[in-house]
Amino acid sequence: MTKTPDITPLIDEAALRSQIKRMCKASGPDVDPRADILGVLKQTNLEGRAKARALLAADRNGIGCAIRLSQMMDSFIRIIYDHAVSHVFKVTNASSSERMSIAAVGGYGRGTLAPASDIDLLFLLPYKQTPWGESVVEYLLYFLWDLGFKVGHATRRVDECVRLARSDMTIRTAMLEARWIWGDKALYGDMLQRFQAEVVRGTGPEFILAKLAERDERHRRQGTSRYLVEPNVKEGKGGLRDLHTLFWISKYFYETSTTDELVKHGVFSRKELTRFHKCEDFLWAVRCNLHFVTNRADDRLGFDNQREIANLLGYQSHPGLEPVERFMKHYFLVAKDVGDLTRIFCAALEENHAKPMPMLDRVLRHTLRRRKKSLPETPQFVIENDRLSVADETIFEKDPVNLLRIFAVADKSNLDFHPDALKLITRSLRHIDGDLRDNEEANQLFLDVLTSKKHAETVLRSMNETGVLGRFVADFGKVVAMMQFNMYHHYTVDEHTLRAIGLLAQVERGEGGNDHPLATELFRHVQNRKVLYFALFLHDIAKGRPEDHSIAGARIARRLGPRFGFSANETDQIAWLVEQHLTMSIIAQSRDLSDRKTIRDFAAVVQTIDRLRMLLILTVADIRAVGPGVWNGWKGQLLRTLYYETEPFLLGGHSQLSRDQRVASAKSELAAQLSGWSGEEVETYLKRHYAPYWLRVDLPEKLLHAELLKRTDAEGRRLATSFRTKKFEAITELVVVAPDHPRLLSTITGACAASGVNIVDAQIYTTTDGLALDTILINREFPEDADELRRAERICKLIEATLEGREELPEMIARRVAQKKLSKAFVLPTEVTFDNTISDKFSVVEVSCLDRPGLLYDITTTLSDLNLNIASAHIATFGERAVDVFYVTDLTNLKVHSGQKQASIRRRLTQAAAEAGDAPSKKAG
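Note that the working numbering has the sequence shown beginning at 8, numbered continuously upward.
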């Protein structure tokens, strides 16, 4: 693909040949010293690969490593083949059919080879297969297999190659890359000449369409974004395969042998060709290191390997960024460059009439007549083949505002960009300077695109891909291609932001209201939609800095607000939303929303109903844009509950009733619904619960609890469970009635851990007659209710068995832990905080640490050992990080005020969480 540089070989082929010749001479003419030769080649291979790895570590030359490994493989094939035909299957008077040519195909055909890649070979025959040819091929293949190589091969005649290449695009592509290694070179030349004349000639557009369609399907399988945080270096968008596709097309259409020749054809400039080579070398360095580290053909750059690869490539830490994050940012910038080069390449293809117009929907045509239509309001732009293009190549130089105007026109006209326009935009970034950033019209055009109800995400992504967005908003440029090294975020910061903007536009248009009905309803009441859009655009703009990104982001918002035409009041609103963009999510997922102080404190932060509306909508868009599976109905329910509880405080309509009055009202409300109960049964039941139960549990839950307790009493039992699904919230609710004792919750969580269940919330109440009424909410696993109910039944049976002593928890949990392989990529400090200000009645303990099976069981067991009563537990996971919050009291139902006791709690919980092998924090204890 790249013109092969002078590379020092890994092995001395001549010396190896001499050694094998001596071995053959010593063994005699009728004996094949195969075993001895195999041993020598195995050792040579090990030494050569070790040398390749050492050279890669020293020079970080990815292409060089791939070429060296390919050249070493060439040497092995030549040596084994020559030994086979000269010593093992020697023919004195060879006929015209007893000859063959060996060619490398596929990736190996390009003269590059990753450490664990397959070896693809074509054994080319002049006529039909002969016993001699069959023997030689078999000997060579078994030798390579015994050396430990994975070999793909085909044995074909020249006419077979041509016939199959015509009908099979995969075979055609493999043959396009065919490279002669050894054997009869004339035979290979004949195949090449016929392939060019009978397959390639006149079929350029057909091949191009097939390769572009294949690329699109590959991107769909791998994930349409090139900014997935665990990318596939080979197959992913912006990976090596995209560069290979450009090479295939250029070789097929332009008849080039190397990409360097594309400059001569006017496809790439010299600068762009340099970018191509840098991208190729970087991706090869990553892929080769990845294969060496994993010792297998693994092209997925997962979290487990990213840190080690970053170290091998020499990345250093930077304030706010780990070496691994700097490495991955470089990776995504390279992936972006690959996208740029693809656009430039496609523009050149269209210029040369190789690719048909989109409106023909990939129906092959060999010639096109370019159709242009001017736009009356913006004559500097034209519609060419139904896509937006430029009237001439000087428009951005004459008026740099056109670099923003073209995106506004694309959004307004609902047009895709012509490749020529994208190429020119990418080549005109130097015109984005301080004057353009201060230009009032340019800033207004950007804001129009950002706040468009139409296709803001699509147009902004094009703006980002071409480099305009990062240049025009320099602070955003700092987070372009930035990843966060955790399992929670699926995309880079810029990609996450653009997806969030797209989701916000969906909410405004009323699409997907079933997933977030309240956000859809509230958007109609937002006073200033542009404030909300701009705040969401800025919410993560300060990621990667040493300080808290919310605070730093608010400072950036105050600076940028006036530039984009926002008033002082609007700028304050934007800055507040950026600074508080995580607050609602954190409180909803980790606080007791039935605790009035939680709501009071949150209302004090929010202050106005319009802020509350905007913060909820922004939070929904933010969470949903994190990645697939992160948003669920339970998170939506928590956010809705927090909103509905806070709204009355902000509107001044919260209840003025006393605590006793509210308890009495709740009792009366339930009593009115208990049909079929006698007056005596109702009166007795109303006395079974303490005041907190009446104030915190909603009426439907109270009715379910009442029926469960009545049924339990009738059966003369003190232990019972019930369950139900909540499909919209994507959770399943388990209710456990059991005699109250300090280890009850830890036993329940242990049984859940043994079942592989993720608990998201727990509420614990005690009745006046010594029973505990615990409600456990778990993540739903099955889409169908029938399957989920069967699962819930199994879990409840296990809970009952453990409470009755029929099952031993430690053994079950140990088996579960052994089944689940924990990632070694993440090392998180355990943080334990103790707060007496969050709640009026409870001490709040928060444990933040590396998630693992059995973690909640270990923590609740430790809390029981510390003689703490758990009133409620709120469980949240953010990728690899677990945040477990517990509302507790001591045995006298009071807060824990003793500093010594608090220190003991922090120390013991830190130890319990750190048993998974994470790093204890110096802050804890």
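Note that the Cβ used here is the ideal one computed from N, Cα and C, for glycine as well.
Legend entry - Unbroken beta strand (DSSP E) run spanning histidine 588, endpoints: From DSSP, histidine 588 is part of no beta strand (DSSP E); its letter is neither H nor E.
Legend entry - the region 409-425 in contact with the region 378-395 per 3-pair CB rule at 8 Å: yes
Inset, instruction - Please go through the same chain and pick out, in chain order, the residues whose beta-carbon is closer than 7 Å to the beta-carbon of aspartate 858, but skip the five residues on each side of it. - result: Thr884, Glu887, Arg888 and Ala889
Inset, instruction - Use the C-beta contact count for serine 933: other C-beta atoms within 10 angstroms, 16 or more gives buried, fewer gives exposed. - result: Beyond the ends of the chain as shown, which are 8 and 932, falls residue 933; an answer cannot be given.
Inset, instruction - Check serine 905 in the structure and name its three-state DSSP category. - result: coil
Legend entry - Distance CB(valine 112)-CB(alanine 181) smaller than 7 Å: yes
Legend entry - Buried/exposed call for histidine 523, threshold 16 Cβ in 10 Å: buried
Inset, instruction - May I have the straight-line CA-CA distance separating isoleucine 771 from glycine 245, to the nearest angstrom? - result: 51 Å
Legend entry - CA-to-CA distance, aspartate 43 to leucine 151, given in whole angstroms: 14 Å
Inset, instruction - Would you tell me roughly how many angstroms separate the C-alpha atoms of threonine 732 and arginine 647, rounded to the nearest one? - result: 19 Å
Inset, instruction - Under 7 Å Cβ to Cβ from lysine 218, same chain only, skipping five residues before and after it: list those, please. - result: Thr252, Trp255 and Ile256
Inset, instruction - Check valine 500 in the structure and name its three-state DSSP category. - result: helix
Inset, instruction - Quick one: which unbroken beta strand (DSSP E) runs of 3-plus residues sit fully inside the region 197-229? Chain order, please. - result: none
Legend entry - Buried or exposed (CB count within 10 angstroms, at least 16 for buried), glutamine 580: buried
Inset, instruction - Pick helix, strand or coil for alanine 361, following the three-state DSSP scheme. - result: Annotation note: pLDDT 47 at alanine 361 (below 50); position unreliable, no value reported.
Legend entry - When Arg750, Thr782, Thr756 and Arg725 are compared against leucine 711, the one with the closest alpha-carbon: Thr782
Legend entry - Environment of asparagine 312 [buried if 16+ CB atoms lie within 10 Å]: buried
Inset, instruction - Give a yes or no on contact between the region 596-616 and the region 468-481, applying the rule of three or more CB pairs nearer than 8 Å. - result: no
Legend entry - Cβ shell of valine 637 (< 7 Å), same chain only, five flanking positions each side left out: Ile630
Inset, instruction - Just grab the DSSP bridge partners of valine 854 for me. - result: Val839 and Asp891
Legend entry - Beta carbon of glycine 509 nearer than 7 Å to that of glutamate 464: yes
Legend entry - Cα-Cα separation between alanine 302 and serine 124, rounded to whole angstroms: Note that residue 302 corresponds to asparagine in the displayed sequence, not to alanine. Straight-line Cα distance between these residues: approximately 11 Å.
Legend entry - Segment contact, 8 Å Cβ cut-off, at least three pairs: the region 860-869 with the region 746-760: yes
Inset, instruction - Can you tell me which of Arg914, Ser905 and Asp223 puts its alpha carbon nearest to the alpha carbon of aspartate 872? - result: Arg914
Inset, instruction - Can you tell me which of the three DSSP states isoleucine 70 falls into? - result: helix
Legend entry - Three-state secondary structure (DSSP) of asparagine 318: helix
Legend entry - glutamine 680 versus isoleucine 802: straight-line alpha-carbon distance, rounded: 30 Å
Inset, instruction - Assign arginine 376 to one of three DSSP states: helix, strand, or coil. - result: Since pLDDT at arginine 376 reaches only 42, below the 50 mark, its modelled position is unreliable, and the value read off the structure follows with that caveat. Here arginine 376 sits in coil by DSSP.
Inset, instruction - Check the DSSP bridge columns for isoleucine 178 and list the partner residues they point to. - result: In the DSSP output, where bridge partners are listed per residue, isoleucine 178 has none listed.
Legend entry - Bounding residues of the alpha helix (DSSP H) (the contiguous stretch that carries aspartate 427): 426-433
Legend entry - Among Thr51, Leu147, Arg67 and Val98, nearest to arginine 85 - alpha-carbon criterion: Leu147
Legend entry - Three-pair Cβ contact test at 8 Å for the region 271-284 versus the region 341-351: yes
Legend entry - Buried or exposed by the 16-neighbour rule on C-beta atoms within 10 Å, applied to serine 459: buried
Inset, instruction - Can you tell me the Cβ-Cβ gap for valine 743 and isoleucine 785, rounded? I've got them flagged as a contact below 8 Å. - result: About 12 Å; that fails the 8 Å criterion.
Legend entry - cysteine 168 versus Val839, Arg201, Thr473 and Ile558, residue with shortest Cα-Cα distance: Arg201
Inset, instruction - Using 10 angstroms around the beta-carbon of histidine 90, count the other beta-carbons present and answer buried if the total reaches 16, otherwise exposed. - result: buried
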